[in-house]
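Protein sequence lines correspond, in order, to chains A and B.
Position 256, counted from 1, in the first sequence is what our numbering calls 256; the numbers after and before it change by one each time, with no gaps.
Converting from the second sequence to our numbering requires adding 400 to each position, the first position being numbered 1.
Step one of this worksheet: look at the structure below.
Number of protein chains: 2
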Amino acid sequence: MVKINENFLSMKKNYLFIEIAKRVKAFSQAHPDADIIRMGIGDVTLPIAPAAVEAMKKAADEMGVKETFRGYEDSGAGYDFLKEAVAKYYKSFGANVKADEIRINDGAKADCGNIVDIFGDDNVVMITDPAYPVYVDTNLMNGRKVIYADSTEGNGFAAMPDDSVHADIIYLCSPNNPTGSVYTKEQLKKWVDYANKNGSVIIFDAAYEAFISEPDLPRSIFQIDGARTCAIEMCSLSKTAGFTGMRCGYTVIPEELKVTASDGSEVYLAQLWGRRQGSKFNGVSYPVQRAAEAIFTDEGQKQIKVNIDYYRENARIIASTLDEMGIYYTGGKNSPYIWLKCPGGLGSWEFFDKLLAEANVVGTPGEGFGKNGEGYFRLTAFGDRERTKQAMERFKALKF
Amino acid sequence: MVKINENFLSMKKNYLFIEIAKRVKAFSQAHPDADIIRMGIGDVTLPIAPAAVEAMKKAADEMGVKETFRGYEDSGAGYDFLKEAVAKYYKSFGANVKADEIRINDGAKADCGNIVDIFGDDNVVMITDPAYPVYVDTNLMNGRKVIYADSTEGNGFAAMPDDSVHADIIYLCSPNNPTGSVYTKEQLKKWVDYANKNGSVIIFDAAYEAFISEPDLPRSIFQIDGARTCAIEMCSLSKTAGFTGMRCGYTVIPEELKVTASDGSEVYLAQLWGRRQGSKFNGVSYPVQRAAEAIFTDEGQKQIKVNIDYYRENARIIASTLDEMGIYYTGGKNSPYIWLKCPGGLGSWEFFDKLLAEANVVGTPGEGFGKNGEGYFRLTAFGDRERTKQAMERFKALKF
Chain A
1 MVKINENFLS MKKNYLFIEI AKRVKAFSQA HPDADIIRMG IGDVTLPIAP AAVEAMKKAA
61 DEMGVKETFR GYEDSGAGYD FLKEAVAKYY KSFGANVKAD EIRINDGAKA DCGNIVDIFG
121 DDNVVMITDP AYPVYVDTNL MNGRKVIYAD STEGNGFAAM PDDSVHADII YLCSPNNPTG
181 SVYTKEQLKK WVDYANKNGS VIIFDAAYEA FISEPDLPRS IFQIDGARTC AIEMCSLSKT
241 AGFTGMRCGY TVIPEELKVT ASDGSEVYLA QLWGRRQGSK FNGVSYPVQR AAEAIFTDEG
301 QKQIKVNIDY YRENARIIAS TLDEMGIYYT GGKNSPYIWL KCPGGLGSWE FFDKLLAEAN
361 VVGTPGEGFG KNGEGYFRLT AFGDRERTKQ AMERFKALKF
Chain B
401 MVKINENFLS MKKNYLFIEI AKRVKAFSQA HPDADIIRMG IGDVTLPIAP AAVEAMKKAA
461 DEMGVKETFR GYEDSGAGYD FLKEAVAKYY KSFGANVKAD EIRINDGAKA DCGNIVDIFG
521 DDNVVMITDP AYPVYVDTNL MNGRKVIYAD STEGNGFAAM PDDSVHADII YLCSPNNPTG
581 SVYTKEQLKK WVDYANKNGS VIIFDAAYEA FISEPDLPRS IFQIDGARTC AIEMCSLSKT
641 AGFTGMRCGY TVIPEELKVT ASDGSEVYLA QLWGRRQGSK FNGVSYPVQR AAEAIFTDEG
701 QKQIKVNIDY YRENARIIAS TLDEMGIYYT GGKNSPYIWL KCPGGLGSWE FFDKLLAEAN
761 VVGTPGEGFG KNGEGYFRLT AFGDRERTKQ AMERFKALKF
């Protein structure tokens, strides 16, 4: 009789977005004329850059002609043209990453979830709380022990390492989802030092790096000395270039990153991950890779900057509303997320209900991202400008 | 200190295609004027259908306009337009599969490798030998016990169940890679009955179903009574429509397929897989899904049939050469693969070397697919017509 992976049974069902959808639906049905503004989703709304559209169409044409048709990609790790473009991009902000250390994927989520396959089930995993639920769930699926590093008002919702606590695998996300906090180089250096001292590996999620506008803030963990011996970085074009529906990202594993196995042999993680991917992945669609390549051209970079600036201005509008109202928040700068303390001492879901009922605005209750999220709330800057302004006007009119 | 997944250390490195590349390179360097014909790879060579190219270009344009832009797909399981097209396709050859039982993926390899995540590590896995190496490797990665069902000349290289052997998870591939054998409905029914009796799950790889031309042969395991309570099917557009570089496939899990967990609860595998994919996958690129949809239109089906017929004729040319030479083989009909017994009593690699040296033709030694492959050899029909003919002329001229 076949046995299921029973770790699934002990996983909490992720009710967050289901529960939000349920409450919004109930409210809409009771108030069919309500003009609801959605600021809860993490999806983008602006179209992809013309350079990427043209590149994809050109590649589609190539696929239709025998002489230029491309079948399986030899390595499945991405075409050199794209890996080299990504390496050049890293160099532009001072991170030294070689093209051969990059593997192209169909979005950060898959690699972020699958990377744990190369690690034993007996590792202790540390995740900052609140966090993107994928980090927790993908480790619980393998029955790994998960501990939490607290992100709180006390540390500006940017958890720092505690030398008295041991972790083998550490997930960091900066700019953070959901809190919008960004580690400084000094803060990130502390994590890197902790990892090197403890023989831990940091899984660094850089999905929102393109939103960093202050030049002193690190956009990659590989801008930090010592990261090459302890870190794996994942990034994506989803938020950088609106690729949520196009599906393209990349994972960087430095060539010197290695672990000593129980038989004393040294195992390079890039090789291990290559072996895993070689059996379970066949590369990213060629036309998608060409579209991604176009994002890294001068023209593509100019085009995506217009969109990122649009979202940044939305974030600024939200943040300045909160400033005006005297509400505590993190993010809003260098990040598309604004993480605010629920006004009037309300709980996450209480505030959700009030905002929905009285302002017809939908956001995300912080409690859905972990225990430290209780009493906090996430708004996103990925919406329409006018709707964002309207939502903030309605927010200001609320009475607590 | 972080621990790796040590199951990787006990996996045999897959040297097959590396070793082939090495020997071909050495031969080319020693004989720079040799005109080498490659019949070893499983990749297609004809371009994708015009209908798919146009659909992808149209979708790329949609992605560049705010009103028609698409971000994250809600479910990550595929757009309804494509799931419905696949369900209709199934219906066209008599398999009753509902659109909601289908999940669209980026190719069969990923799902075929990842599906094991929903099963416990203590299952006994049965794999036919010879087989596509992914089945074995992805189970060894989790430390599962793998046993083999022998495909031999005695059963026409189509292994059958043995009631005295117990297996929890069974991998079947028909038309088979590498042997080209195709199960009849009666044969497949025996496997389905075995699985239902033993509480096993069959992972059915239907990647080559489009090559079946005889109407009585099953193209899907869901044409067999009883399969809905024991089978998961994976298929792909890679070979059907030349999508090896486009990346799109689908997995079918019937809604009634369930397993009893250790606490006595009934767990539906489709839900478990949905939970896994929900944390580790974000759906297939929208323009790729539109290209795939176009394959299932009347126009698309006509266009891909021209390509499949081209490959079928290549297969026929190879098979008739072997008939002429009196060499035993399986496949060649209803399959793009031809699996032949090495002439002159040669071993797989001996024959590889002889064919390369004396005919300048590259194929794949059967031994690379499992122990029962020793003494056999795989040729593929995915090449150019004239080159296939040339290769066969050279083959006929060989002396043993």
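In this text, a Cβ means the ideal position worked out from N, Cα and C, and glycines have one as well.
These figures come from a predicted structure and were not determined experimentally.
Checklist entry - Shorter than 7 Å from the beta carbon of B:K466 to some beta carbon of chain A? => result yes
Checklist entry - Going along the region 583-612 of chain B in order, which residues come within less than 8 Å of chain A, judged by CB to CB distance? => result Listed in sequence order: N598, G599, S600, V601.
Checklist entry - Can you name the residues of chain B whose CB is closer than 7 Å to the CB of A:N5? => result D517, I518, F519, G520
Checklist entry - Is A:G76 near A:G368, with beta carbons less than 7 Å apart? => result No, the pair does not count as a contact, with Cβ atoms beyond the cut-off.
Checklist entry - Where A:R451 and A:D168 are concerned, what is the direct C-alpha to C-alpha distance, given to the nearest angstrom? => result Residue 451 of chain A lies beyond the residue range present for chain A, which begins at 1 and ends at 400; the question has no answer from this structure.
Item to check | Cβ distance (whole Å) where B:C635 is taken to contact B:E655 below 8 Å | outcome: With a Cβ gap of about 18 Å, B:C635 and B:E655 do not count as contacting.
Checklist entry - Would a C-beta distance cut-off of 7 Å place A:A108 and A:A99 closer than the cut-off? => result no
Checklist entry - Is the region 178-190 of chain A touching the region 212-222 of chain A, taking contact as three or more C-beta pairs under 8 Å? => result yes
Checklist entry - My guess is that B:P802 and B:S748 are in contact by the Cβ rule of under 8 Å, so how many angstroms apart are they, rounded? => result Nothing about residue 802 of chain B can be read from this structure; chain B reaches only from 401 to 800.
Checklist entry - Does the beta-carbon distance from A:A60 to B:K457 come in below 7 Å? => result The answer is yes: Cβ separation under 7 Å.
Next on the checklist: What does the Cβ neighbour count give for A:D404, buried or exposed, with the cut at 16 atoms within 10 Å?
Outcome noted: A query on residue 404 of chain A cannot be resolved here, the shown segment of chain A reaching from 1 to 400 and no further.
Item to check | Extent of the continuous beta strand (DSSP E) run through A:D129 | outcome: Boundaries of the beta strand (DSSP E) harbouring A:D129: 124-129, taken from the DSSP string.
Checklist entry - Got a sec? Which residues, its chain only, sit under 7 Å from A:Y89 by beta carbon, not counting five neighbours each side? => result Cβ within range, chain order: F296.
Item to check | Cutoff 7 Å; reference A:V97; Cβ partners in own chain excluding five residues on either side | outcome: A87, Y90, F222, V252
Checklist entry - Quick one, which of A:F17, A:D137, A:K302, A:A315 has its alpha-carbon nearest B:L672's? => result A:D137
Item to check | Cutoff 7 Å: A:P175 Cβ touching any chain B Cβ | outcome: no
Checklist entry - If you run the structure through DSSP and keep just helix, strand and coil, what is A:I37? => result strand
Item to check | Rounded Cβ spacing between A:R387 and A:I37 (contact assumed at less than 8 Å) | outcome: 5 Å
Checklist entry - Whose CA, out of A:R103, A:D129, A:M141, lies closest to the CA of B:I518? => result A:M141
Next on the checklist: Output needed for A:S265: all residues of its chain with C-beta closer than 7 Å, excluding positions within five of it in sequence on either side, in chain order.
Outcome noted: Within the same chain, no Cβ atom closer than 7 Å to the Cβ of A:S265 is found once the five residues on either side in sequence are excluded.
Checklist entry - Just curious, the alpha helix (DSSP H) that B:T788 is in, first and last residue? => result If you look at B:T788, you'll find it in the alpha helix (DSSP H) that goes 785-796.
Item to check | Of the listed residues A:E393, A:Y311, A:G278, A:G40, nearest to A:S213 (C-alpha basis) | outcome: A:Y311
Checklist entry - Which one of B:D435, B:F795, B:C630, B:M526 has the shortest CA to CA distance from B:T721? => result B:F795
Checklist entry - With C-beta atoms as the reference, is A:Y376 less than 7 Å away from A:W339? => result Yes, the pair counts as a contact, with Cβ atoms nearer than the cut-off.
Checklist entry - Rounded to a whole number of angstroms, what is the C-alpha to C-alpha distance between B:A641 and A:R378? => result 44 Å
Checklist entry - How would you call A:R385, buried or exposed, if buried means at least 16 neighbouring beta carbons within 10 angstroms? => result Its Cβ having fewer than 16 others within 10 Å, A:R385 is exposed.
Item to check | Cβ pair B:A607, B:C648 closer than 7 Å | outcome: Their beta carbons are not under 7 Å apart, which means B:A607 does not touch B:C648 by this criterion.
Next on the checklist: Can you pull out the residues from the region 288-301 of chain A whose beta carbon lies closer than 9 Å to at least one beta carbon of chain B?
Outcome noted: V288, A291
Next on the checklist: I'd like to know if the region 188-202 of chain A and the region 148-162 of chain A are in contact, where contact means that at least 3 CB-CB pairs between them fall below 8 Å.
Outcome noted: yes
Next on the checklist: Using only the alpha-carbon positions, how far apart do B:G556 and A:Y135 sit?
Outcome noted: Rounded to whole angstroms, B:G556 to A:Y135 spans 47 Å at the Cα level.
Item to check | Any C-beta of chain A under 7 Å from that of B:D443 | outcome: yes
Item to check | Check whether B:V546 and B:V525 have beta carbons under 7 Å apart | outcome: yes
Checklist entry - Going along chain A in order, which residues have a C-beta closer than 8 Å to the C-beta of B:T538? => result S279, K280
Next on the checklist: Relative to the C-alpha of B:Y578, which candidate in B:G442, B:F681, B:G674 has its C-alpha closest?
Outcome noted: The sequence shown places Pro at residue 578 of chain B, not Tyr. The candidate whose alpha carbon is nearest that of B:P578 is B:G442.
Next on the checklist: Distance cutoff 7 Å, beta carbons only. Does A:A110 sit that close to anything in chain B?
Outcome noted: yes
Item to check | Own chain residues within Cβ distance below 7 Å of A:L346, not counting five before or after | outcome: Excluding residues within five positions, the ones whose Cβ falls inside 7 Å are K354.
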